[in-house]
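Numbering (the working numbering), first residue to last: 341 to 373.
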């Protein structure tokens with residue numbers, strides 16, 4: 341699992357808006373989820 345800091349959330353939403361997430365976890369597999 342990758343944990344990132346200050347990830348802009350706009351690129352992950354349908355409408356393209358959103359500020360930076362303080363912490364963002366990106367699981368690589370279903371088991372990590």
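Ideal Cβ placement from N, Cα and C applies to all residues, glycine included.
The structure presented is a predicted model; accordingly, all values stated were derived computationally and were not measured.
- Among the bridge pairs identified by DSSP, residue 355 is matched with none.
- Here the C-alpha atom of residue 345 lies approximately 22 angstroms from the C-alpha atom of residue 371.
- Residue 362 is not bridged by DSSP to any residue.
- The beta carbons of residue 359 and residue 349 sit closer together than 9 angstroms.
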